[in-house]
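Take 2 as the starting number for the sequence shown in my numbering and just add one per residue. Below you'll find the structure, written out as structure tokens, and then a few comments.
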Amino acid sequence: MAEVGQLESEQDIEKKIEETKQKFKNEYVQESEKYDSRDVDRLQKDDALVEAYLTWRQYSVDDAVKMIDDSFLWRKEFGLNDLTESSIPKWMFETGAVFLHGYDKEGNKLFWFKVKLHTKDAKTIMDKKKYVAFWLERYAKREPGMPLTVVFDMADSGISNIDMDFVKYIINCFKVYYPKFLSKMIIVDMPWIMNAAWKIVKTWLGPEAISKLKFASKNEIQMFIDPEYLPLHMGGTDPFKYSYPPLPDDDFQTPTCENGPIVSEDDNESKEGESEGKELESSFSSEVAVKPKKVYFSEESLSSLKLDDNDKGDCRTKGARKPLTTFKGPLLNVSPAEELSFGNKESERKCLIILDNVSKNQVAFKVRTTAPEKYRVKPSNSSCEPGASVDIVVSLHGGYQASLQDRFLVMAAEMEQNAGAGSPELAQFWKDVPKTKIMDHRLRCHVLESTKPILSYPSGCDNPVEGGANGHPDLHTTLMRVMVCNARLEQKLDQCLWVQQVLIGLVLVVMMFSFLTLYHLPGAS
């Protein structure tokens, strides 16, 4: 019965998606110049986009359509589909007041606002709003469907840095223009003098977003963000310092391993292409993100390996997690569509990426990762014939564990006929290919949870729990024990406090009764 109910629910959602599309088309899309036609076309084709508006408006078709109208009017006013880095005054990028960097504990990207660097100025407010829109659109294109965590760094800020109109605009970006985009909004170290201002901000958020507003001190911020992504003044260990140019793109910075930084084969040639591809392709205009500038992904040094049909049965793919979803691109179909899933078990440490060449030409591809010391990718740099497919095995190396912050990048570009596919030819090809001709698709990492629920453990904290290799408890097991013990101790503490409160109440009642009795004794005699 539950499955039937779920199916009916899914069918209802599909009906509401179609109803929303039709209502918007019939009642709003009348004037040809009212919206950007690219946004309207995208809405009619992208069910996920329509569902995002519906979800944010509790599946009210009327409210969702009004939200779409507001969003599309704003997008045309700001020229979002044509907004480029060159559209923003250079000095804004140089200030470092707004930027994307790092992840929270849930794997959501951090959108930083350095409040002390902002001053209210009516002459520049429009440019500042476009500046914020630029970053949001850039992220929406790179990681569609993934929410952001906004961090207001209030360190060294004062009343002169608060611009209520600008703050209201930022809130509207998440409340109206980018549905389901906000994970949480964290205000760090807010001066007491600004309490009144933020009470007003709460009223702007609305009931659907008010629960996402978090206030945190330096000591509390690590509840949401690990120290590795926090600046030093917040008690973190992140050495990151904003600088421009180029735009900070920390997803693609070259990590460092035991023997020093791993240099990719095209780190040098990418400098030549810094000026290329500045144009920001809107997330509302295409399924595929075009590479706008240089990439810093480190690539594992592997000899190129060109696979044919016989290679698909290679034993190296055994035990790899098979993908269930597919992203359909203009050159390659990429499976899975969004994420690779890894777990702690030996059978969960290997995943499969399948590339299907849907073009009429040979396609060169690269697979890169933000954590090359943790993963082995085979093959990571090769080519695929028209109509053929390639199985790529991604496996965790050694004792490393997957993280929500890990990312993978699949790059692809068409090759000319009779082009060589050896290592030298591919290296030269990637140097020469224009950045605008490169298709790229990002995959995030999903960490599988343990299948054993905490409640299934025995009642004693010191009872044995399944250990790691050779019968010794591993880190995961130890943490699970600590969590179980902590939960029980909290429960006992709550019970003790309750008993204490009851006893105090009884004592107070007895004392009051005694006092009244003594007070009335003379009258009684």
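Every residue, glycine too, gets a C-beta built ideally from N, C-alpha and C.
Residue(s) in a DSSP beta bridge with residue i
i	result
residue 154	115, 189
residue 415	364
residue 352	322, 395
residue 215	187
residue 94	In the DSSP output, where bridge partners are listed per residue, residue 94 has none listed.
residue 376	397
residue 182	DSSP, once it has assigned bridges, lists no residue as partnering residue 182.
residue 384	365
residue 340	445
residue 79	Note: residue 79 sits in no beta bridge, so no partner.
residue 390	357
residue 329	334
residue 110	104, 149
residue 99	114
residue 165	According to DSSP, which records beta bridges pairwise, residue 165 is partnered with nothing at all.
residue 195	Answer by DSSP bridge pairing: none, since residue 195 is not bridged.
Own chain residues within Cβ distance below 7 Å of residue i, not counting five before or after
i	result
residue 397	343, 350, 375, 376, 403
residue 58	64, 65, 68
residue 75	178
residue 60	17
residue 238	228, 229
residue 182	148, 149, 175
residue 243	97, 100, 249
residue 190	155, 156, 218, 219
residue 106	225, 226, 227
residue 137	174, 179
residue 325	337
residue 199	188, 191
residue 216	188, 191
residue 449	342, 343, 344, 349
Cβ-based burial, residue i [other Cβ within 10 Å; buried from 16]
i	result
residue 49	exposed
residue 52	buried
residue 388	exposed
residue 423	exposed
residue 459	Because residue 459 carries a pLDDT of 43, less than 50, the predicted location of this residue cannot be relied on, and the following value inherits that uncertainty. Its Cβ having fewer than 16 others within 10 Å, residue 459 is exposed.
residue 176	buried
residue 438	exposed
residue 108	buried
residue 412	buried
residue 431	buried
residue 425	exposed
residue 13	exposed
residue 233	exposed
residue 184	buried
residue 240	exposed
residue 367	buried
Residue from the options with nearest C-alpha to residue i
i	options	result
residue 372	360, 382, 401, 131	401
residue 154	192, 122, 138	192
residue 113	431, 211, 231	231
residue 188	226, 364, 369, 180	226
residue 339	110, 327, 23, 15	327
residue 78	36, 358, 123	36
residue 445	346, 117, 143, 101	143
residue 395	38, 336, 246, 27	336
residue 123	97, 166, 93, 408	166
residue 163	197, 138, 141, 137	197
residue 369	151, 408, 173	408
residue 141	321, 30, 442, 386	442
residue 528	346, 158, 341, 358	Any answer about residue 528 is impossible in this case: the structure gives the chain only from 2 up to 526.
residue 158	168, 117, 146, 427	117
residue 319	83, 84, 393	393
Integer-rounded CB distance, given that residue j should sit under 8 Å from residue i
i	j	result
residue 362	residue 416	6 Å
residue 104	residue 406	4 Å
residue 195	residue 332	That pair is no contact at about 51 Å.
residue 161	residue 120	6 Å
residue 353	residue 323	6 Å
residue 235	residue 214	Wrong, their Cβ atoms sit about 18 Å apart, outside the cutoff.
residue 202	residue 172	7 Å
residue 427	residue 390	That pair is no contact at about 19 Å.
residue 358	residue 385	4 Å
Cβ shell of residue i (< 8 Å), same chain only, five flanking positions each side left out
i	result
residue 89	128, 131, 132, 135
residue 62	17, 20, 21, 24, 55
residue 10	none
residue 45	22, 26
Close Cβ partners of residue i (< 6 Å) along its chain, the five nearest in sequence each way excluded
i	result
residue 414	365, 434, 438, 439
residue 73	36, 40
residue 115	98, 154
residue 70	29
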